[in-house]
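K.L.:
Below is a structure I'd like to ask you about.
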Amino acid sequence: MSQTQTTKTTYHIPIGPIHPALKEPVYFEFEIAGEKIVDVDVKLGHVHRAVEWASRKRNPIQILYLAERICGICSYCHPAAFTLAVEKIADIEVPERAEYLRVIQGELERITSHLLWAGVAAHEIGFDTVLYLTWQIREKVLDLTEYLTGNRITKGIMMIGGIRRDITKDMLPRIKKDLEYYKECYDKLGKVFLNDKTVKMRSQDAGILTKDEAMKLCAVGPTTRASGVKKDVRVDTSYFAYGDLDIECITPEVLTGEVNGDVYDRIIQRLLEVKQAIELIEDCIDKMPSGDIVAEPKLAKLLNQLKKANGEAIGIHEAPRGEVIHYVKMDGNEAPFTWKVRAPTYNNILPWIPMLKGEQIADIPIVAASTDPCMSCTNRVGIVKDGRKYELTKEQLHKLSIAKTRRLMK
Amino acid sequence: MAKGLTKAFKRALWVYHCNSGSCNGCDIEIIAALCPRYDVERFGIKLVGSPRHADVLLVTGPVTRQMADKVKRVYEQMADPKAVICVGNCGNTGDVFYESYNLVGPINQILPVDVHVIGCPPRPEAIIMAVAKAWTKLETLEAK
Amino acid sequence: MSEDKLLTAEGIVKSFKDEFKTKIIDAQIKEHAAGTKKNSTTSIWMKVDSKAFKDVVKHLISLQYPHLAVASGNDLGKTIELIYHFTVNFGYNRKQINLNISVEVPKAKPEIQSICDLIPGALITEREKMEMLGVDIIGIPDKRRLFVPEDFPKGVYPWRRDETGPEKYYKNLHEVKK
């Protein structure tokens with residue numbers, strides 16, 4: 001009986017636009033040898049709605065509402081960066097009370113976004129209980145958001161020259177009570193995530209991004225801070241009221257003493273940022289001066305002022321996922337000449353490649369979700385093996401991830 | 001609640017969610033509907049991972065060119081009787097994205113939609129109401 | 001890197017002007033203050049000749065490894081302007097300097113050198129400029145389309161304002177067919 005020589009080839013797995021790890025359409029192609037990933041390729045563009053092109057026919061106030069719907073999870077950061085750019089061009093002086101209110105809204109959004117991420121990450125590991133726990137706390141934060149702004153997700157609170165709604169004295173007791181509640185929940189969450197053995201086993205040494213790679217690939221946000229690079233727009237530049245507050249750049253060594261750049265570090269990073277956000281909101285409420293909340297309350301006058309504006313500027317803001325940068329150029333017409341939007345996830349896509357190489361297939365959901373991409377997908381995975389097609393559904397990929405947890409627990 | 005649900009739900013409704021280029025606001029409210037505060041799981045409604053297991057399709061987002069035929073394929077893979085719910089303003093009319101070079105019409109140009117849920121994003125209560133309405137449609141379809 | 005090795009805005013402009021002399025067409029320093037204490041942030045806007053662009057970036061890396069945020073583009077009629085947004089001095093309290101380097105290329109021959117070998121993170125933003133403005137980036141390792149679907153016709157550049165713009169593919173979703 002002769003034995004045929006088998007050559008080891010790699011298999012290609014496409015994980016197409018709808019897939020389990022994230023919530024937006026993005027297309028991956030993995031090249032795997034056995035269980036280990038050898039190479040990764042990413043294809044984007046499924047959510048391309050031509051937002052920048054649509055802005056050529058709208059005036060800046062209409063663009064504010066368009067910018068909010070670029071992303072639903074970080075729906076405050078895009079209008080924030082846009083108004084920063086427009087205010088620089090048109091030389092609009094924002095009242096000081098409005099700057100503090102903007103910080104409060106921004107930090108509240110950071111808390112909701114990180115809690116959302118914590119739930120999704122726990123779901124990928126297999127802890128559905130923690131998903132429900134974190135989202136239950138998130139519902140309380142959304143209640144506070146609704147009390148302050150009127151809606152849960154697309155708040156519509158940013159206005160060029162200020163902010164649309166004020167926080168009056170009778171709202172303060174409710175805010176203070178809620179902040180106390182969040183601090184208790186933070187302690188509970190800290191115990192669940194940081195002291196649990198299974199979370200540590202699944203996440204330590206998985207998806208490592210070294211400091212050098214993070215610098216070279218220009219990663220932003222908690223992804224890069226967890227690798228030790230100190231990039232935080234709130235600390236580096238002075239915008240809104242961050243210049244007056246006592247804020248410093250957090251890296252995981254505050255808690256554990258060393259920086260590894262793996263998924264566990266990113267979990268620590270985001271939990272520490274939630275605590276920082278709660279403290280910043282308290283600080284702002286104490287220090288907020290009184291005054292107007294918007295520089296020009298009449299919209300027609302504001303639009304006239306913006307029509308005469310001429311020039312170009314950039315607006316940078318620290319969204320929950322990283323640095324958002326908008327470039328606006330106005331040339332004396334009502335609509336801007338150019339508007340360029342750069343969401344933070346676009347810089348965090350290239351780091352997926354070194355993070356996923358060498359990992360196992362079952363680790364794909366947790367590693368990809370650990371950078372908190374602003375994308376959602378659920379799709380089927382097709383593997384071609386020896387010419388026969390096997391199809392893994394989202395459930396099976398998710399089950400692989402959970403099965404690995406059970407194996408490690410034994 | 002909609003009329004016609006007095007008979008106990010004969011079969012638990014399984015839902016598949018498909019994102020055709022949305023901003024994720026509607027997707028988050030769909031997942032929030034499963035969480036302990038709104039809790040649709042007590043009715044047996046759950047989110048499944050494959051369209052072949054699902055009875056109801058939840059579509060969000062204005063359909064981009066890349067996702068148009070994928071959404072169609074997902075619909076064709078579902079087994080009869082099925083219902084389609086269009087969640088959010090983007091899928092219904094286009095909302096703020098009404099003019100673009102990369103979008104292919106509201107969802108009812110591509111799939112036959114049974115229930116429209118409006119809002120940007122619609123509250124989880126509205127989504128649960130929509131699923132209940134789709135249920136009555138499925139019950140009438142099964143009775144035939 | 002310690003605090004005394006941080007760059008200043010005047011220092012950066014002087015260093016570039018000494019090195020490249022006439023290739024730097026224009027350089028402006030702007031400051032913007034915010035909050036009650038009125039701390040300010042500095043931005044430098046520099047116009048550079050397109051042939052010297054890659055050397056300018058190499059010089060910047062020799063001063064300090066920058067962070068490339070994004071590259072934006074303008075269609076100015078006969079030329080296409082690309083603006084690369086860099087930031088330096090991050091990691092220290094409020095010392096960041098935003099450095100915006102703009103390059104103009106003629107529409108008849110829109111070519112520019114790629115900086116992917118110096119800054120690997122520039123790949124995604126360069127691919128976007130190639131498909132949106134029709135700029136030919138020489139030396140880029142990956143020339144595929146990024147956001148625009150593959151079946152979109154070649155030669156149509158969504159950000160341009162001339163006849164190669166996407167006007168033909170415009171669809172109004174609010175239209176009701178009678």
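Protein chains in written order, with the working numbering: chain A, 1 to 410; chain B, 1 to 144; chain C, 1 to 178. Note that CB positions come from ideal geometry on N, CA and C, so glycine has one too.
Mind the definition here: the region 93-106 of chain C touches the region 5-20 of chain C only if three or more C-beta pairs lie below 8 Å; say whether that holds.
P.N.:
Yes, since at least three Cβ pairs between the region 93-106 of chain C and the region 5-20 of chain C fall closer than 8 Å, the two stretches touch.
K.L.:
Could you run through the region 79-95 of chain C and flag, in chain order, every residue whose CB is less than 9 Å away from some CB of chain B?
P.N.:
Going along the region 79-95 of chain C in chain order, one finds no residue with a Cβ nearer than 9 Å to chain B.
K.L.:
Establish whether the CB of C/GLY153 and some CB of chain B are separated by less than 8 Å.
P.N.:
It is Pro, not Gly, that sits at residue 153 of chain C in the sequence shown. With 8 Å as the cut-off, C/PRO153 does not count as an interface residue toward chain B.
K.L.:
Taking a Cβ distance cut-off of 8 Å, strictly less, list which residues of the region 336-362 of chain A are near chain C, in chain order.
P.N.:
Listed by position along the chain: PHE337, THR338, LYS340, ARG342, TYR346, ASN347, ILE349 and LEU350.
K.L.:
Please determine, among C/ALA122, C/PRO120 and C/PRO149, the residue with the shortest C-alpha to C-alpha distance to C/GLU131.
P.N.:
Comparing Cα positions, the closest option is C/PRO149.
K.L.:
Please give me, in chain order, every unbroken run of the beta strand (DSSP E) with length at least 3 that falls completely inside the region 44-118 of chain A.
P.N.:
Fully enclosed beta strand (DSSP E) runs of 3 or longer: not present.
K.L.:
Does DSSP put A/ASP372 in a helix, a strand or coil?
P.N.:
Coil, per DSSP.
K.L.:
What in chain B is Cβ-close to C/TYR170, meaning under 9 Å?
P.N.:
What C/TYR170 touches in chain B: GLU99, SER100 and TYR101.
K.L.:
Report the residues of the region 78-90 of chain B with a CB closer than 7 Å to any CB of chain A, ordered along the chain.
P.N.:
Flagged: no residues at all.
K.L.:
Taking the C-alpha atoms as reference points, what is the distance between A/VAL42 and B/VAL87?
P.N.:
Straight-line Cα distance between these residues: approximately 28 Å.
K.L.:
So, for C/GLN113: in the same chain, excluding its five sequence neighbours on each side, which residues have a beta-carbon less than 7 Å away from its beta-carbon?
P.N.:
Closer than 7 Å at the Cβ level, and outside the excluded window around C/GLN113, lie PHE53, LYS54, ILE138 and GLY139.
K.L.:
Taking the alpha-carbon of B/VAL56 as reference, which of B/CYS35, B/VAL113 and B/THR93 has the nearest alpha-carbon?
P.N.:
Checked all of B/CYS35, B/VAL113 and B/THR93; the closest Cα to B/VAL56 is B/VAL113.
K.L.:
Output needed for B/ALA33: all residues of its chain with C-beta closer than 7 Å, excluding positions within five of it in sequence on either side, in chain order.
P.N.:
Correct list, in chain order: VAL40, PRO124, ILE127 and ILE128.
K.L.:
Is C/LEU173 close to chain B, meaning its C-beta is less than 8 Å from at least one C-beta of that chain?
P.N.:
True, the Cβ-Cβ gap to chain B drops below 8 Å.
K.L.:
Kindly list the residues whose CB is nearer than 8 Å to the CB of A/TRP135, restricted to its own chain and excluding five residues on each side of it in sequence; keep chain order.
P.N.:
The answer, listed in chain order, is LEU115, LEU116 and GLY119.
K.L.:
So that I know if they touch, is there some Cβ in chain C lying closer than 8 Å to that of B/PRO62?
P.N.:
It does; some Cβ of chain C falls within 8 Å.
K.L.:
Does B/SER20 come out as helix, strand or coil in the three-state DSSP assignment?
P.N.:
Coil.
K.L.:
Examine chain C for any beta-carbon lying closer than 8 Å to the beta-carbon of A/ILE325, and answer yes or no.
P.N.:
Interface residue, yes.
K.L.:
Tell me, please, whether the CB atom of A/ILE70 is closer than 8 Å to any CB atom in chain C?
P.N.:
So, not an interface residue.
K.L.:
Is the CB-CB distance between A/ALA54 and A/HIS317 below 8 Å?
P.N.:
Contact: no.
K.L.:
Looking at A/GLU29 and A/HIS48, is the spacing between their C-beta atoms short of 8 Å?
P.N.:
No, Cβ-Cβ distance for A/HIS48 and A/GLU29 is not below 8 Å.
K.L.:
Among A/SER113, A/PHE127 and A/PRO173, whose alpha-carbon lies nearest the alpha-carbon of A/GLU282?
P.N.:
When only C-alpha atoms are compared, the closest one is A/PRO173.
K.L.:
Quick one: what's got a C-beta closer than 7 Å to C/VAL179's C-beta in the same chain, skipping five residues either side?
P.N.:
Residue 179 of chain C is absent from the structure shown; chain C starts at 1 and stops at 178.
K.L.:
Output yes or no for whether 8 Å exceeds the beta carbon distance between A/PHE193 and A/VAL103.
P.N.:
In this structure, A/VAL103 does not lie closer than 8 Å to A/PHE193 by Cβ.
K.L.:
DSSP has C/LEU68 in a bridge; who is on the other side?
P.N.:
BP columns for C/LEU68 point to C/PHE86.
K.L.:
Nearest CA to the CA of C/LEU133: which residue from C/TRP159, C/PRO106 and C/LYS168?
P.N.:
C/LEU133 has its Cα closest to that of C/TRP159, out of C/TRP159, C/PRO106 and C/LYS168.
K.L.:
Assign C/ILE124 to one of three DSSP states: helix, strand, or coil.
P.N.:
Of the three classes helix, strand and coil, the one that applies to C/ILE124 here is helix, per DSSP.
K.L.:
Tell me the rounded alpha-carbon separation between A/PHE337 and A/ILE37.
P.N.:
Roughly 44 Å separates the two Cα atoms.
K.L.:
Considering only the alpha carbon of each residue, which of B/GLY25, B/ILE28 and B/VAL84 lies closest to B/VAL115?
P.N.:
Of the candidates B/GLY25, B/ILE28 and B/VAL84, the one whose C-alpha sits nearest the C-alpha of B/VAL115 is B/VAL84.
K.L.:
Could you name the residues of the region 113-143 of chain C whose beta carbon sits closer than 8 Å to any beta carbon of chain A, in the order they occur along the chain?
P.N.:
Flagged, chain order: ILE119, PRO120, GLY121, ALA122, LEU123, ILE124 and THR125.
K.L.:
In three-state terms, what does DSSP make of C/ASP55?
P.N.:
Helix, per DSSP.
K.L.:
Quick one, which residues of the region 8-37 of chain C are near chain A if we go by CB-CB under 7 Å, in chain order?
P.N.:
Under the 7 Å Cβ criterion, the region 8-37 of chain C contributes HIS32, ALA34, GLY35, THR36 and LYS37.
K.L.:
Find out if the Cβ-Cβ distance for the pair C/PRO82, C/VAL103 is shorter than 8 Å.
P.N.:
Here the sequence assigns Leu to residue 82 of chain C, which means Pro is not the residue at that position. It is a contact, given that the beta carbons lie within the stated cut-off.
K.L.:
A/THR145: buried (16+ other C-beta within 10 angstroms of its C-beta) or exposed?
P.N.:
With 16 or more Cβ atoms within 10 Å of its Cβ, A/THR145 is classed as buried.
K.L.:
Kindly indicate if chain A contains any beta-carbon less than 8 Å away from that of B/ASN92.
P.N.:
It does not; no Cβ of chain A falls within 8 Å.
K.L.:
With distances taken Cα to Cα, identify the nearest neighbour of B/LEU58 among B/ILE107, B/THR140, B/VAL117 and B/TYR16.
P.N.:
Measuring from the Cα of B/LEU58, the nearest candidate turns out to be B/TYR16.
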